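In my numbering, the protein residues as written are 54 to 431.
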């Protein structure tokens, strides 16, 4: 909502409601407030032109204003259908009574068009269709009755034709303006709901692509990214490298320090990886458990090996104590590097071939006392 100060005026009863329900509750509150705002100019007119003449209409409007305002506490108490019905009945009755007093020459009955225009927004549920039909027919009947049975000169309060002309123009402007304002505010509510939905969908999409522990890409994202980069490199005849990383003796770390410490360790490693691997085209992903995979498009074997060494050193420099490691006093990683240079175009199972080669290189590193980088060509 672009008008937060105004929105607070009609927010009664909307807290904690689903967007659709909140929209319609706010609409009822808005119509109640607009009914008050549309009535006040007539009250001012009556006061300025002699309350002794217009007192019947003035007093009636006081009660109708109270009727509009009742909708707000009703919505605040959760009686939303009652609030809606009060606003509709109060508005239709007011237009009829005021037209009876001052004639249709004042144009007050033109507001029935506004009422008819917002009825579909108020009775929006499928099961409320009969109520919508009845309410619409009722509005039409009341308008026709006012139009043909309350002409100027036949009503209890006589008003000069010159004044009636101005009142008619003001009523026409008010009826059209009311529809425009209600439509604008309702559209604002719809756009706010759509924006919330878009943000939620983006968040859900992000969650579906992200490992919740480390904040890195998950395995699903890794596989999609690798397929895409291999296809692109295959078309262009460029290399792609993959690093398969494994935390040395991580089970022993978990058993000795506890799983919470293990989770903290993985998060710290993920941050270290992201500081080293910084190109937008590269991807760091958690492959599962204590395994991480790094995709390096447009990177040959030597470049990938250098990045792997930088990763290994970065983890070692974290100096996370690991008393149960046979590879050193701190947490270390072993890395297998695999490269396709160039990537052959349009080959099946090329992604699994590259990952398998990286896994074999990782096995080589672990078999040589870990905390090292080994490389293979895929």
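Here a beta-carbon is modelled for each residue, glycine too, at the ideal position from N, C-alpha and C.
Every value quoted in this text rests on a predicted model; they were computed, and no experiment measured them.
Using the DSSP secondary-structure output, state which residues sit across from residue i in a beta bridge.
i           : result
residue 383 : 374
residue 23  : Residue 23 is absent from the model: the chain starts at 54 and stops at 431.
residue 297 : 346, 389
residue 270 : 263, 338
residue 428 : 390
Can you have a look at residue i and say buried or exposed, based on whether 16 or more other CB atoms are within 10 angstroms of its CB?
i           : result
residue 213 : exposed
residue 290 : exposed
residue 180 : exposed
residue 134 : exposed
residue 358 : buried
residue 118 : buried
residue 411 : buried
residue 104 : exposed
residue 428 : buried
residue 69  : exposed
residue 303 : buried
residue 265 : exposed
residue 350 : buried
residue 108 : exposed
residue 152 : buried
residue 407 : buried
residue 32  : Summary: the structure shown does not reach residue 32, with the chain confined to residues 54 through 431, and so no result is reported for it.
residue 281 : exposed
residue 326 : buried
residue 83  : buried
residue 252 : exposed
residue 275 : buried
residue 224 : buried
residue 74  : exposed
residue 131 : exposed
residue 162 : buried
residue 300 : buried
residue 208 : buried
residue 294 : buried
residue 335 : buried
residue 102 : exposed
residue 125 : buried
residue 414 : buried
residue 76  : buried
residue 404 : buried
residue 379 : exposed
residue 196 : buried
residue 187 : exposed
I believe residue i touches residue j by the beta-carbon criterion, under 8 Å. Please report the beta-carbon distance rounded to the nearest angstrom.
i           : j           : result
residue 111 : residue 99  : 5 Å
residue 19  : residue 81  : Residue 19 falls outside the range modelled here, since the chain spans only 54 to 431, and no answer is possible.
residue 148 : residue 136 : With 8 Å as the limit, residue 148 and residue 136 do not qualify as a contact, their Cβ atoms being about 19 Å apart.
residue 388 : residue 296 : 5 Å
residue 305 : residue 365 : Actually they do not touch by this definition, with Cβ atoms about 19 Å apart.
residue 88  : residue 140 : 7 Å
residue 235 : residue 171 : 6 Å
residue 63  : residue 86  : 6 Å
residue 4   : residue 360 : Because residue 4 is not part of the residues shown, which for the chain are 54 to 431, the question remains open.
residue 363 : residue 337 : Actually they are not in contact, since the Cβ atoms of residue 363 and residue 337 sit about 13 Å apart, beyond 8 Å.
So with Cβ pairs under 7 Å, would you call residue i a contact of chain D?
i           : result
residue 168 : This model lacks chain D altogether; it includes just one protein chain.
Please give me, in chain order, every unbroken run of the beta strand (DSSP E) with length at least 3 that falls completely inside the region 301 to 361.
336 to 341, 344 to 350
Inter-stretch contact (C-beta, 8 Å, three-pair minimum) for the region 302 to 314 and the region 270 to 278
no
Taking contact to mean 3 or more Cβ pairs, one atom from each stretch, closer than 8 Å, check whether the region 151 to 165 and the region 197 to 206 are in contact.
yes
Segment contact flag, the region 236 to 245 with the region 350 to 360, C-beta cutoff 8 Å, min 3 pairs:
no
Meets three-Cβ-pair contact criterion under 8 Å: the region 386 to 393 and the region 284 to 304
yes
Between the region 342 to 352 and the region 317 to 327, are three or more C-beta pairs nearer than 8 Å?
yes
Would the region 416 to 429 count as touching the region 399 to 407 if we require 3 or more Cβ pairs under 8 Å?
no
Any contact of the region 160 to 167 with the region 224 to 240, i.e. 3+ C-beta pairs under 8 Å?
yes
Report the start-end ranges of each alpha helix (DSSP H) in the region 65 to 152 that is 4 residues or longer and not cut off at the edges.
72 to 101, 104 to 129
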